[in-house]
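Q: This is the structure, below, for whatever I ask next.
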Amino acid sequence: KQKQKSLDSFFKPK
Amino acid sequence: MFEATLQKASTLKKVIEAIKDLVTDGNIEVSETGMNLQAMDSSHVSLVSLVLHTDMFEHFRCDRNVTLGINLPNFAKILKCSGNDDSVTLKAQDDGENLAIVFESEGQERVSEFELKLMDIDAESLGIPDQDYNTNVKMSSAEFQRIVRDMTVLGDTCSIGCTKEGVKFSVSGDLGQGNITLRQTNSVDKEEEAVTIEMDEPVELNFALRYLGFFTKASPLCPRVTISMSPDVPIVVAYNVGGEKDTEGAGSLSFYLAPKIDE
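In the order they appear, the protein sequences are chains B and X.
Residue 3 in the numbering used here sits at position 9 of the first sequence, with consecutive numbering throughout.
Residues are numbered in the numbering used here as their position in the second sequence, beginning at 1, plus a constant of 27.
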């Protein structure tokens, strides 16, 4: 089973 | 105030058409370097980054930085009113509530003026790490669109694997499975159809086809697409805007998509 990662874990707010 | 004229309204129309289904509301930041938009889709899985440099505009004036909060589907509706060879001029006052959009036909015998209500959009800007990718694949944007469409017939997740020999798209679902491999081809008759792969190490990642499908709506912008991947980071699907083939355009439309990982 695969889980969709969120972009929040890669790109942080400036 | 801000005022900018683009010789081809069709370029702006294609850009907005390409992102309006993924992102509903977005802030276009206007500064002396050009126009930028960065927005995530509502589920925070993908991100759109649009950069339009001043050199792609016939005329560009921006006295003070302005943020244009835009409902993209509504902007697209207005842009559809432009003729194929019309120019478009965008105008906004510093604290204005509207974006003025003027289309002019080539011979200037037809002028159409519209106003789009601007919105206050609360969106935080994200820092995208400036990184080198392990793998960069350049291919025909129409071919990429076709592959994504074909993969969608079989499932909702596509594996994209890349080796020096080629790039392989694989899918499996309830009715079966399929894969399409494109070999690296430097010597094809049509330059636009060439597949070029620059890579350090083989990489394979899984992505939601639904989002890749959204990204391919940008295909009319550019005959070439660049797909960049590194292990365990978002894929980048990038199109040049206002440029030719895969040469550096005066703008770019890049889509980022977080991978799916095994639980």
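Quick reminder that beta carbons are idealized off the backbone N, C-alpha and C, glycines included.
What's the gap between the Cα of X/V50 and the Cα of X/T223?
A: Residue 50 of chain X sits at position 23 when you count from the first residue of the second sequence. Residue 223 of chain X sits at position 196 when you count from the first residue of the second sequence. Cα to Cα, the separation comes out at about 30 Å.
Q: Report the start-end ranges of each beta strand (DSSP E) in the segment 92 to 139 of chain X that is 3 residues or longer and not cut off at the edges.
A: With a minimum length of 3 residues, the continuous beta strand (DSSP E) runs that stay inside the segment 92 to 139 of chain X are 93 to 98, 114 to 119, 125 to 131.
Q: Do you know offhand how far X/N161's Cα is from X/S255's?
A: Locating residue 161 of chain X in the second sequence gives position 134, where the first residue counts as 1. Locating residue 255 of chain X in the second sequence gives position 228, where the first residue counts as 1. Each residue's Cα considered, the two are about 8 Å apart.
Q: Using a Cβ-Cβ cut-off of 7 Å (strictly less than) and excluding sequence neighbours within five positions of X/S152, which residues of its own chain qualify?
A: Translated into positions along the second sequence, residue 152 of chain X becomes position 125. Within the same chain, X/S152 has close Cβ partners Q65.
Q: Mind checking the segment 143 to 160 of chain X against chain B and listing, in chain order, the residues whose C-beta falls within less than 7 Å of any C-beta there?
A: Result list: E151, S152, L153, G154, I155.
Q: Counting along the chain, where does the beta strand (DSSP E) carrying X/F234 start and finish?
A: Locating residue 234 of chain X in the second sequence gives position 207, counting from the first residue. Here the beta strand (DSSP E) through X/F234 covers 230 to 235.
Q: For X/T274, does the three-state DSSP call read helix, strand or coil?
A: Your numbering for residue 274 of chain X matches position 247 in the second sequence. With a pLDDT of only 47 at X/T274, under 50, the local geometry of the prediction cannot be trusted, and the value read off the model is given with reservation. Correct three-state label for X/T274: coil.
Q: Determine which residues share a DSSP beta bridge with X/C189 and list them.
A: Position 162 of the second sequence, counted from the first residue, corresponds to residue 189 of chain X. Bridge partners of X/C189: X/V194, X/V230.
Q: Ignoring anything shorter than 3 residues or poking outside the segment 151 to 182 of chain X, list the beta strand (DSSP E) runs there in chain order.
A: Correct list: 162 to 167.
Q: Taking Cβ-Cβ distances below 7 Å as the criterion, which residues of the segment 223 to 239 of chain X are in contact with chain B?
A: Residues passing the 7 Å Cβ filter: N233, A235.
Q: My output table needs one value for X/E220: the three-state DSSP class, helix, strand or coil.
A: For the purposes of this step, residue 220 of chain X is identified with residue 193 of the second sequence, where counting begins at 1. Helix at X/E220.
Q: Can you name the start and end residues of the beta strand (DSSP E) that X/E290 belongs to?
A: In the second sequence, counting from the first residue as 1, residue 290 of chain X sits at position 263. Per DSSP, X/E290 belongs to no beta strand (DSSP E) and is neither H nor E.
Q: Taking a cut of 8 Å between CB atoms, which residues from the segment 246 to 257 of chain X lie near chain B?
A: So the list is empty, because no residue satisfies the distance condition.
Q: If you check the beta carbons only, do B/K8 and X/I288 fall under 7 Å apart?
A: Numbered from 1 along the first sequence, position 14 holds the residue referred to as residue 8 of chain B. Numbered from 1 along the second sequence, position 261 holds the residue referred to as residue 288 of chain X. No, Cβ-Cβ distance for B/K8 and X/I288 is not below 7 Å.
Q: What residue from X/T116, X/S37, X/E85 has the CA that sits closest to X/F130's CA?
A: Locating residue 130 of chain X in the second sequence gives position 103, counting from the first residue. Considering only alpha carbons, the answer is X/T116.
Q: Using three-state DSSP, classify X/P250 as helix, strand or coil.
A: Along the second sequence, read from residue 1 onward, the residue named residue 250 of chain X stands at position 223. Coil, per DSSP.
Q: Using the Cα positions of X/A277 and X/V268, report the straight-line distance between them to the nearest angstrom.
A: The residue given as residue 277 of chain X occupies position 250 in the second sequence. The residue given as residue 268 of chain X occupies position 241 in the second sequence. Cα to Cα, the separation comes out at about 6 Å.
Q: Return helix, strand or coil for X/S37, following the three-state DSSP convention.
A: As a first step, residue 37 of chain X is located in the second sequence; it is residue number 10 there, counting from the start. Residue state, collapsed to three classes: helix.
Q: What residues are listed by DSSP as bridge partners for X/M62?
A: Translated into the one-based positions of the second sequence, residue 62 of chain X becomes position 35. DSSP lists X/V57, X/L79 as partners of X/M62.
Q: For a quick check, are the C-beta atoms of X/T179 and X/L232 less than 7 Å apart?
A: As a working mapping, residue 179 of chain X is identified with position 152 in the second sequence. As a working mapping, residue 232 of chain X is identified with position 205 in the second sequence. No, the Cβ-Cβ distance between X/T179 and X/L232 is not below 7 Å.
Q: Can you give me the C-alpha to C-alpha distance between X/S109 and X/E142, rounded to a whole angstrom?
A: Reading the second sequence from its first residue, position 82 is the one you call residue 109 of chain X. Reading the second sequence from its first residue, position 115 is the one you call residue 142 of chain X. Their Cα atoms are separated by approximately 13 Å.
Q: Evaluate contact between the segment 252 to 266 of chain X and the segment 163 to 171 of chain X, counting only Cβ atoms and requiring at least three cross-stretch pairs below 8 Å.
A: Output reads yes: the segment 163 to 171 of chain X touches the segment 252 to 266 of chain X.
Q: For X/I148, which three-state DSSP category applies?
A: Here residue 148 of chain X refers to the residue found at position 121 when the second sequence is read from its first residue. X/I148 falls in the coil class under three-state DSSP.
Q: Keeping to the same chain, check which residues put their C-beta closer than 6 Å to that of X/H86; ignore five residues upstream and five downstream.
A: Mapped onto the second sequence, residue 86 of chain X falls at position 59. Contacts found: T32.
Q: DSSP beta-bridge partners for B/K9?
A: This structure leaves residue 9 of chain B out entirely; chain B is present only between -5 and 8.
Q: By the three-class DSSP mapping on this structure, what secondary structure does B/F4 have?
A: Looking up residue 4 of chain B in the first sequence gives position 10. Coil.
Q: According to DSSP, simplified to helix, strand and coil, what is X/G240?
A: Stepping through the second sequence from its first residue, residue 240 of chain X is reached at position 213. X/G240 falls in the helix class under three-state DSSP.
Q: Quick one: Cα of X/D201 to Cα of X/G182, how far?
A: The residue labelled residue 201 of chain X in the question sits at position 174 within the second sequence. The residue labelled residue 182 of chain X in the question sits at position 155 within the second sequence. If you take the alpha carbons of X/D201 and X/G182, they lie about 7 Å apart.
Q: At the 7 Å Cβ level, is X/P261 part of the contact set with chain B, yes or no?
A: To locate residue 261 of chain X, count along the second sequence from 1; it is residue 234. Closer than 7 Å: yes.
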